[in-house]
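Student:
Residue numbers (the working numbering), protein chains in the order written: chain A, 1 to 258; chain B, 1 to 463.
1) Is residue 206 (chain B) closer than 8 Å to residue 485 (chain B) when the C-beta atoms are compared?
2) Can you list the alpha helix (DSSP H) stretches of 4 or more residues lying completely in the region 77-163 of chain A, in chain order?
3) Taking its Cβ as the centre, do 16 or more other Cβ atoms sit within 10 Å of residue 69 (chain A), making it buried, or is it exposed?
4) Residues in the region 412-439 of chain B with C-beta within 7 Å of chain A's C-beta atoms, listed in sequence order?
5) Which residues in chain B sit within 7 Å of residue 18 (chain A), going by Cβ to Cβ distance?
6) By alpha-carbon positions, which one of A:91, A:67, A:64 ends up nearest to residue 77 (chain A)?
7) Is the number of C-beta pairs between the region 303-317 of chain B and the region 130-141 of chain B that are closer than 8 Å three or more?
8) Thinking just about the alpha-carbon of each residue, which of B:74, B:29, B:5, B:12 is nearest to the one in residue 339 (chain B)?
9) According to DSSP, what are the bridge partners of residue 288 (chain B)?
10) Looking at residue 363 (chain B): is its Cβ nearer than 8 Å to the Cβ of residue 327 (chain B)?
11) What is the C-beta distance between residue 223 (chain B) and residue 190 (chain B), in whole angstroms, given that I count them as a contact (C-beta under 8 Å)?
12) Kindly indicate the opening and closing residues of the alpha helix (DSSP H) around residue 95 (chain B).
13) Compare the C-alpha of residue 119 (chain A) against each of A:95, A:130, A:81 and name the closest.
14) Provide the residue(s) that pair with residue 215 (chain B) in DSSP beta bridges, ordered along the chain.
15) Return helix, strand or coil for residue 210 (chain A), following the three-state DSSP convention.
16) Kindly list the residues whose CB is nearer than 7 Å to the CB of residue 209 (chain B), restricted to its own chain and excluding five residues on each side of it in sequence; keep chain order.
17) Using the beta-carbon of each residue, which ones in chain B are nearer than 7 Å to residue 50 (chain A)?
18) Buried or exposed: residue 26 (chain A), going by 16 or more other Cβ atoms within 10 Å of its Cβ?
19) Compare the Cα-Cα distances from residue 372 (chain B) to each of A:243, A:84, A:23 and report the closest residue.
20) Within 10 angstroms of its Cβ, does residue 334 (chain B) collect 16 or more other Cβ (buried), or is it exposed?
21) In terms of alpha-carbon separation, which member of A:243, A:16, A:41, A:23 lies closest to residue 8 (chain A)?
22) Pick helix, strand or coil for residue 197 (chain B), following the three-state DSSP scheme.
23) Taking only the alpha-carbon atoms, compute the straight-line gap between residue 394 (chain B) and residue 183 (chain B) and give it to the nearest angstrom.
24) Roughly how many angstroms lie between the CA atoms of residue 115 (chain B) and residue 237 (chain A), to the nearest whole one?
25) Can you give the Cα-Cα distance for residue 241 (chain B) and residue 259 (chain B), rounded to whole angstroms?
26) At the level of alpha carbons, what is the spacing between residue 17 (chain B) and residue 124 (chain B)?
27) In angstroms, rounded to a whole number, what distance separates the CA positions of residue 100 (chain A) and residue 191 (chain A)?
28) List the endpoints of the continuous alpha helix (DSSP H) containing residue 7 (chain B).
29) Does the region 197-211 of chain A come into contact with the region 137-156 of chain A, if we say contact requires no fewer than three beta-carbon pairs (one atom in each stretch) closer than 8 Å?
30) Let me know the secondary structure DSSP gives residue 217 (chain A) once reduced to three states.
31) Taking 8 Å as the CB-CB limit, is residue 449 (chain B) close to chain A?
32) Against chain A, does residue 33 (chain B) count as a neighbour if the rule is that its beta carbon must be under 8 Å from one of theirs?
33) Give the single residue among B:22, B:218, B:432, B:401 whose Cα lies nearest to the Cα of residue 54 (chain B).
34) Kindly list the residues whose CB is nearer than 6 Å to the CB of residue 317 (chain B), restricted to its own chain and excluding five residues on each side of it in sequence; keep chain order.
35) What number of angstroms, rounded off, separates the C-alpha of residue 56 (chain A) from the C-alpha of residue 63 (chain A)?
36) Along the chain, where does the alpha helix (DSSP H) that runs through residue 268 (chain B) open and close?
Below, the structure is given as structure tokens:
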């Protein structure tokens with residue numbers, strides 16, 4: 001390993017201003033071993049987050065008490081490779097899942113909650129259960145009825161709209177794993193659609209992004225969610241026409257690409 | 001409508017239009033599959049390539065891939081086509097053009113002379129029947145030189161954009177990354193920040209930050225804050241120190257509209273930035289980024305394959321004599337370029353087509369974490385690009401952009417490829433690096449724990 005140079009103290013101090021990989025030092029033109037392997041480790045975590053499979057059975061039993069009726073669904077993307085190459089397939093249910101919802105003859109509900117793996121299984125495994133447990137009593141307290149909880153394999157954001165439509169929900173909220181960055185592999189996002197139906201576009205949804213320990217807290221995220229749901233019901237819309245107009249206490253930052 | 005066809009053994013393949021033929025001849029990539037344009041199998045692809053090779057270049061002047069009436073990029077391509085420049089290659093087919101380009105006798109001067117006679121679709125077509133080595137060999141022969149405060153694109157030179165992004169535009173965090181990059185000899189192409197917030201205030205304060213550093217150290221470099229072009233126009237009006245105006249561009253009018261731009265707006269910004277006269281040795285003031293897949297993702301591709309759409313963006317770029325253009329080749333995600341192989345191929349195609357059309361082409365060699373790629377793929381691509389005479393690449397601290405959340409090339413990577421292939425930064429910048437004691441006469445980094453720039457960095461907390 002390379003010796004720690006004198007300037008290391010300086011860079012350590014400058015790292016209070018940025019998480020960028022500054023002052024890494026060099027050996028010849030290359031990276032010191034420590035900096036090289038630190039990068040490899042972060043990339044490995046991000047890759048594993050993309051390719052890991054969510055244990056939906058475990059998630060279902062973790063939230064069974066709060067959500068007695070749970071639906072297990074699949075998108076039309078048959079595997080990870082097809083999910084990554086064909087965003088359109090991840091946005092629609094497969095035939096079996098669609099039929100399951102059609103035959104359910106669900107009673108109309110105010111809110112349908114959906115959980116999909118998205119691009120980070122780790123985000124769902126870490127944050128979905130605690131968030132659902134936090135959100136559920138707040139929604140019930142407001143007297144809003146809940147459709148069955150849907151857990152979706154290989155799903156993208158827009159699949160929530162098809163599910164919400166089939167469950168006859170006024171609003172759908174989908175919790176989904178966001179694209180892992182090198183510094184954060186377990187970021188979760190929540191997307192809301194009023195009057196969900198197939199064919200809605202991104203401009204018709206609101207996003208609460210960046211939910212993870214170093215980002216938006218569970219409490220701030222669920223507070224914002226309840227606020228937006230209330231506003232959406234009042235104004236009968238979601239999307240670009242609906243903004244967070246509370247005092248700026250918790251502002252979602254930098255919405256990641258799906 | 002012309003029917004294009006080719007027979008392999010007993011299988012006759014037909015292609016009902018030029019755009020279909022181009023799409024089917026394209027080497028495999030996920031974005032064309034997503035668009036439903038890709039060849040059904042390898043045999044159909046090579047049949048399309050045979051057919052394309054036999055196509056006279058004049059075909060491209062008679063059949064357009066996006067209707068002339070509907071698209072101002074098509075109108076720009078057709079109306080600005082230079083018949084005189086085209087004359088030396090007018091008689092060729094696409095296959096003939098490939099051989100003409102590779103011929104020893106076709107040198108930098110001849111390539112420069114025909115550039116205005118080559119349309120983006122001709123460039124895209126010939127790229128589709130070229131191997132990676134062909135794309136490298138011909139691009140290397142193209143010499144495209146641009147100037148603002150230094151000279152970019154000279155033979156034996158390899159430049160870099162210093163990209164010190166920060167998720168909240170923190171000036172001290174950005175300055176720390178700039179000092180770090182300068183100490184690795186990076187930044188001669190541009191010190192360019194992608195702002196987290198696209199606002200006139202944010203843009204202006206970042207411009208002043210770089211401008212102050214530049215003047216304090218009399219650096220022969222140019223700066224850019226990569227906000228939307230309309231934001232740049234606003235701050236120019238208010239007197240902000242704008243060196244280069246940036247804009248993402250694409251190859252169809254509809255895709256450009258999704259970026260909030262058209263040719264008139266690009267022209268207005270080019271004139272505004274030129275009128276400031278801030279360049280000391282030249283007045284190339286535009287900086288463009290492109291990337292395969294942008295037209296499809298805006299649903300504005302008109303059934304044209306993504307590589308051809310990309311080449312059409314270069315027609316837009318060259319109308320404004322930019323200082324810098326780069327493709328951001330792996331940023332858009334695996335649904336457009338799936339893995340390291342597809343990213344590498346696309347980067348070499350983009351670099352070749354842009355150079356052939358006369359642009360100072362660089363490349364953001366990059367990937368996201370859901371693509372089948374890693375830093376080894378980027379190492380490989382970096383060596384290929386530098387061998388092809390690529391004008392510049394990105395210098396991101398540790399290759400990890402913490403604002404845009406993707407991985408690119410690092411300060412170290414630029415040093416590596418310059419050292420390995422004997423390449424140097426722009427001459428004015430190299431002289432400055434030597435004067436400041438950052439590199440020696442051989443171009444190697446000088447270890448100095450008490451360097452002036454380090455001492456300046458040490459004062460950052462006290463700003």
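Glycine is no exception: its CB is placed at the ideal position from the N, C-alpha and C atoms.
Tutor: This is what the structure holds:
1) Past the edges of chain B, shown from 1 to 463, lies residue 485 (chain B), and the structure says nothing about it.
2) Secondary structure remark: continuous alpha helix (DSSP H) runs of at least 4 residues inside the region 77-163 of chain A, in chain order: 80-85, 87-90, 95-104, 121-141.
3) exposed
4) 412, 415, 416, 419
5) 166, 170, 173, 176, 177
6) A:91
7) no
8) B:29
9) B:247, B:325
10) yes
11) 7 Å
12) Counting along the chain, the alpha helix (DSSP H) containing residue 95 (chain B) begins and ends at 94-102.
13) A:81
14) Answer is none; residue 215 (chain B) lacks a bridge partner.
15) strand
16) Answer for residue 209 (chain B): 171, 174, 175, listed in chain order.
17) Those are 369, 370, listed as they occur along chain B.
18) Per the 10 Å Cβ criterion, buried.
19) A:84
20) buried
21) A:23
22) Here residue 197 (chain B) sits in coil by DSSP.
23) 15 Å
24) 52 Å
25) 24 Å
26) 16 Å
27) 23 Å
28) Here residue 7 (chain B) belongs to no alpha helix (DSSP H); instead the beta strand (DSSP E) covers 4-8.
29) Between the region 197-211 of chain A and the region 137-156 of chain A there are fewer than three inter-stretch CB-CB distances shorter than 8 Å, so the stretches are not counted as touching.
30) coil
31) yes
32) Closer than 8 Å to some Cβ of chain A, the Cβ of residue 33 (chain B) qualifies, so yes.
33) Measuring from the Cα of residue 54 (chain B), the nearest candidate turns out to be B:22.
34) 288, 325, 359
35) 11 Å
36) 263-275
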